[in-house]
Structure formats: structure tokens, C-alpha cells
Amino acid sequence: MANPTMTLIASNTVGSGGASSVTFSSIPSTFTDLLVKISTRAAGSGTATNQQLNFNGDFGGNYTSVFAEGTGSSAVSYKNTGYSFHFIGNIPAAGATSSTFGNCEIYIPNYTSSNQKSISSDSVTENNGSAANQDLSAGLWTGTSAITSLTLTCGSGNYVQYSSFYLYGIKNS
Amino acid sequence: MADTPQAIEVNCETGVVTTRDLTADEIAAQAVAAQAAADQKAAADAEAAKVAADKAAAQAKLAALGLTADEIAALSK
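Top to bottom, those sequences are chains G and L. Just add 4 to the spot in the first sequence (first one is 1) and you have the working numbering. Just add 7 to the spot in the second sequence (first one is 1) and you have the working numbering.
Next comes the structure, spelled out in C-alpha cells:
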């Protein structure tokens, strides 16, 4: 990689009203790869819930992925085929230790390609306790159009206030 | 929290942030996706719990055969 650069394209921090999803739209095509960094917590019930990723408003069954998940006591792996979203791991929910946020990083190489797009992500919940979820995933979106928007959706309830989202562009030269 | 779920959209070209209510179709689609994801998590959690229980049971059986804790741990290294 010759002289790579990393540029913040856009960011958002959820306000006091909460939000069930955050979309970055009109993503410029001037970069090589995309990198998303998020710090989130859900208002829904339970100690953890999931969050989901979709591209270009495609909520059809066009996402396939494999996962390795550690729960704090054991590890499992599984595969999703033909899902309507890319599962990017778990985040703390209302039952988790208060004010804890999970973090996640998503990498999307060659997002303007006319081929199907690959996705990799890693995430971990924070719970100030022994029970937590760590997820590693590799996925595929079958869309062949350039990615111009991406939507992150909270699996249960809203993203709470101060959940934050950062979209970076990576340029190889 | 707002009564109707809110969607935030950040336009990367203009920097304009728009917050709007989800449409009924979006709420329905989100519910379906949330249920699918919840089912997936429940299945993963159940599998993880079974793995942990099987591991504990196997370790107990090995201990009953006379293996030390170090010997049992060495089996999984």
C-alpha cells in the first residue's frame, strides 16, 4: 500500500431522543476502502442485543456471513446465508452495567467495485463483568453497485444518547 | 425517548443531518430483522451454553477417572 491515508468522511452522535438507525448517505466514491468505528448501547431489554448493517437500502436476503463468538465462558461459530442484513455483533442493552458502551469496527474494501462486496468486523460488548460478547465476522453482500450509503440498525429498541458513529475513507495513494 | 422510532441520516456530501420518524414499512421490516437476529443470538447462546456444559461434564468424568486438574487442562492445549 503506497502512502495510504485515512480521512474522516462524516460522524454522528445520537442525541437525547435516541435513534433506531443511523445512515450515512451520499458516500463519496473517491476512496479505496471504508472504515466504520462505532461506540453504541441499546435501550432494549436484556444484557445485550445485536446490531445490523445494510448497504444502499438493500434489506433483501443478500447477505452471507460467518462468525466466531466468545461469550466470556465459551466460544461458538456459526454461519448466516441469505440474511436480510449483515450481523455485526452485539452491544450492551438496558440490562448491562449502566453507562457501558460496546465498540465495533467494520472494514469494507473496494466499496466502489462492480463486484460483490466483502465485509469484516470485530466487536465487543462492555459490561464490567465476566459475561460479554466478542464477535469476529467475515461477510459478503451480493450487491454489485458501488456502496453509496450504509445503515446501522439497533436490534432492540433505540441506540441511546451518546452512541457515536464515525465513517472513514481509506485511500491507497 | 420518542414514541415513534427515529432514523438519523447523515449526508456525507452536504453534512446535513436529518432525523425523521420511521415509516410503517420500515418499522415492520426492522421488527422482522430484529426477530431474525434475536433468534440467531438465542441459538448461538444456547450452543455456547451446551458447549460449556459438555466441557464441564467431560472434565468431571476425567477427574473421576483420576486425572489431575493440570492433566485435564493439558488435554485442551
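Ideal Cβ placement from N, Cα and C applies to all residues, glycine included.
CB contact flag (residue i, residue j, <8 Å)
{"i": "G:S160", "j": "G:G50", "result": "yes"}
{"i": "G:F28", "j": "G:L154", "result": "yes"}
{"i": "G:L171", "j": "G:A14", "result": "yes"}
{"i": "G:G44", "j": "G:Y163", "result": "Reading the sequence as shown, one finds Thr at residue 44 of chain G and not Gly. Yes; because the gap between Cβ atoms is below 8 Å, this pair is in contact."}
{"i": "G:G48", "j": "G:A98", "result": "yes"}
{"i": "L:A40", "j": "G:T157", "result": "yes"}
{"i": "G:Y82", "j": "L:A51", "result": "yes"}
{"i": "G:S168", "j": "L:P12", "result": "no"}
{"i": "G:A46", "j": "G:P96", "result": "yes"}
{"i": "G:F89", "j": "G:Y67", "result": "yes"}
Cβ of residue i within 8 Å of any chain L Cβ
{"i": "G:Y67", "result": "no"}
{"i": "G:Y87", "result": "yes"}
{"i": "G:E130", "result": "no"}
{"i": "G:P4", "result": "The requested residue 4 of chain G does not occur in the structure, where chain G is confined to residues 5 to 177."}
{"i": "G:Y82", "result": "yes"}
{"i": "G:S168", "result": "no"}
{"i": "G:N94", "result": "yes"}
{"i": "G:F105", "result": "no"}
Which residues DSSP lists as bridging residue i, in chain order
{"i": "G:L171", "result": "G:A14 and G:V40"}
{"i": "L:R27", "result": "L:A14"}
{"i": "G:P96", "result": "G:A52"}
{"i": "G:Y87", "result": "G:Y67"}
{"i": "G:A197", "result": "Because residue 197 of chain G is not part of the residues shown, which for chain G are 5 to 177, the question remains open."}
{"i": "G:F28", "result": "G:L154 and L:V17"}
{"i": "G:V80", "result": "G:E73"}
{"i": "G:G106", "result": "G:T44"}
{"i": "G:Y163", "result": "G:A23 and G:A46"}
{"i": "G:L57", "result": "G:H90 and G:L156"}
Alpha-carbon to alpha-carbon, residue j and residue i
{"i": "G:S103", "j": "L:S83", "result": "37 Å"}
{"i": "G:E109", "j": "L:Q66", "result": "36 Å"}
{"i": "L:G73", "j": "L:A55", "result": "27 Å"}
{"i": "G:I174", "j": "G:N114", "result": "10 Å"}
{"i": "G:F105", "j": "G:T17", "result": "13 Å"}
{"i": "L:I79", "j": "G:F91", "result": "36 Å"}
{"i": "L:G22", "j": "L:K62", "result": "52 Å"}
Interface flag, residue i vs chain G, CB-CB below 8 Å
{"i": "L:D46", "result": "no"}
{"i": "L:A49", "result": "no"}
{"i": "L:D10", "result": "no"}
{"i": "L:Q66", "result": "no"}
{"i": "L:I79", "result": "no"}
{"i": "L:G73", "result": "no"}
{"i": "L:L82", "result": "no"}
{"i": "L:L69", "result": "no"}
{"i": "L:A41", "result": "yes"}
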